[in-house]
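Using the numbering used here, the letters of the sequence shown map in sequence onto residues 3 to 61.
Backbone N, C-alpha and C fix where the C-beta goes; we use that ideal spot for every residue, glycine too.
Below is one structure, written out as structure tokens; comments come after it.
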Amino acid sequence: MRNISHYIDGRIVEGTSGNQSPVFNPASGEQTASVDLANPEEVIAAISAAKAAFPAWSA
């Protein structure tokens, strides 16, 4: 089954929390993937990357 990782600062980053959540097709109810759940450090990294990218993105 497909696993969906994080996308942080332009890179695919595999989650390190060890926790995942199922992803379901809403039309069929079938589980199609699982998604990594972030730990606090991964959340902070994503927020920091977004803040750094915002000035160029919004120009």
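Straight through space, the alpha carbons of I14 and N5 are spaced by roughly 12 Å. Secondary structure of S60 (DSSP, three-state): helix.
In the three-state reduction of the DSSP assignment, A52 falls in the helix class, which pools H, G and I.
Secondary structure of A47 (DSSP, three-state): helix. DSSP places P24 within a strand segment (E or B) once states are collapsed to three.
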